[in-house]
Amino acid sequence: MSLPFRIRRAEWVAGAFVLLAVVALVASLVLLSRARGSFEATTTYTVVLRDGYGITPGSRVEMLGIDVGSITELEISDDNQVVVELEVRESFAPRIAEGSTARVKASLDLQGVLGGVGLAITPGRPDSTPLPPGSRIEVHEPTSLVDLLPVVPGDPLVDDLAALVHNARLMSDEVADPESPLHRALAQLTELLVKIQDRESTVGRVLQDDGELYGRLIGVLDDVDGTMGRLEKVLARSDRLLRSADGMVDRGDELMEGADELMDSSAKVVAGIPPVLDGTDAAMKDLDEAVRAFAETTRELKAVVESMGPLVEHMDEMVEDMDAVAEAAAKVWPLRRHARRAKRGD
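Note that the sequence shown covers residues 1260 to 1605 in the numbering used here.
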């Protein structure tokens, strides 16, 4: 086989592969276009909006979540409104009837963020008359960002997002109001950040100091630790004092009980004092009379003693006389003999 023939054969094979690739590409495009309805006839309608909301030609037109067409043209009318022209595939056109409405709707991409803004058309009632081509579809324009989101009516997410938008609006108003607490808090936070950046302030030294203030802080904490230890000892002593005080209170209660008994006894004693005083008065009177009688007896005894003095003197004289008589009798012989007999008889 010659070299030129081989070259021609390779060229034929390469050409065949290229032709097959082109045929496959064309077939894929045809099938994809047919699946998307690109070759299907369309019906044109218009929608008038106050704002464009980011809608562009080629944006999606859907019905009940199904892609039914696209936006073909946008223009601004003489009265400064946005006129949107859209095409809907003929298979869905009969569903656009009296009572159908359109609303601006945003779509989400795979990252969950807004991927584009289009129109969503609500089909009319089955018994309604379809709108003729070129008719104007009534539109409900969005009043907030929540109205643009692709959510099902009644979805709790709508309420949550509405509340989020409302709170964001309130927060924005609070930040803009110099007299609001949030504005003052942000101002104080700004001052705090300035102090943190300032090395001369206490906060700045705490956060930026090279260790000196940290050492001081550790020393202060050690002092606090020692103080807490002493405080624990004082509290322990206070506990003992409180227990002693409890004991004293108990003893005080006992003393009060004894005092109550003493008061009762004192009351009884006081109640018995009047009769004793009456008896004491009578005894004092009797004592006075006895003292007076004793004084009189003493005076009489003194008088008797004084009167016995002469009697004693007379008796002394009588004894002396009797001694003299006895001596004289002893000298007489009969009497002396009689005296001796008397002594023997004794």
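For every residue, glycine included, the Cβ atom is placed at its ideal position computed from N, Cα and C.
All figures in this text were calculated on a predicted structure; none of them were measured in a lab.
Span of the beta strand (DSSP E), counted from its first residue to its last, around residue i
i            : result
residue 1318 : It is not in any beta strand (DSSP E) - residue 1318 carries neither H nor E in the DSSP assignment.
residue 1301 : 1301-1308
residue 1393 : First-last for residue 1393: undefined, no H or E at that position.
residue 1331 : 1325-1335
residue 1346 : 1341-1348
Residue i to residue j span [Cα, whole Å]
i            : j            : result
residue 1347 : residue 1315 : 16 Å
residue 1275 : residue 1325 : 40 Å
residue 1558 : residue 1547 : 17 Å
residue 1510 : residue 1521 : 16 Å
residue 1439 : residue 1451 : 18 Å
residue 1447 : residue 1428 : 22 Å
residue 1543 : residue 1516 : 38 Å
residue 1284 : residue 1278 : 10 Å
residue 1432 : residue 1449 : 19 Å
residue 1526 : residue 1508 : 26 Å
residue 1486 : residue 1496 : 15 Å
residue 1437 : residue 1394 : 52 Å
residue 1282 : residue 1385 : 43 Å
residue 1492 : residue 1444 : 44 Å
residue 1434 : residue 1475 : 40 Å
residue 1354 : residue 1441 : 52 Å
residue 1512 : residue 1500 : 18 Å
residue 1478 : residue 1498 : 30 Å
residue 1426 : residue 1311 : 26 Å
residue 1523 : residue 1505 : 27 Å
residue 1319 : residue 1422 : 28 Å
residue 1335 : residue 1352 : 25 Å
Contacts around residue i, its chain only, beta-carbon distance under 6 Å, and the 5 residues preceding and following it disregarded
i            : result
residue 1379 : 1321, 1362, 1364
residue 1323 : none
residue 1453 : none
residue 1533 : none
Residues of its chain near residue i, where Cβ-Cβ distance is below 8 Å and the 5 sequence neighbours each way are ignored
i            : result
residue 1360 : 1380, 1381, 1396, 1397, 1398, 1399
residue 1340 : 1307, 1308, 1309
residue 1494 : none
Close beta carbons around residue i, own chain, < 7 Å, minus the five adjacent residues each side
i            : result
residue 1388 : 1356, 1357
residue 1317 : 1329, 1330
residue 1299 : 1348, 1349, 1350
residue 1273 : none
residue 1313 : 1376
residue 1332 : 1316, 1344
residue 1338 : none
For residue i, the residue or residues it bridges with in DSSP
i            : result
residue 1517 : Per DSSP, none; premise fails for residue 1517.
residue 1363 : 1378
residue 1398 : 1361
residue 1446 : For residue 1446, which the question treats as bridged, DSSP gives no partner whatsoever.
residue 1356 : 1389
residue 1322 : 1325
Whole-angstrom C-beta distance between residue j and residue i, which should lie under 8 Å
i            : j            : result
residue 1366 : residue 1383 : Going by Cβ atoms, the distance from residue 1366 to residue 1383 rounds to 23 Å, so no, they are not a contact pair.
residue 1303 : residue 1391 : Residue 1303 to residue 1391, Cβ: 10 Å. No contact.
residue 1343 : residue 1301 : Not a contact, Cβ separation roughly 15 Å.
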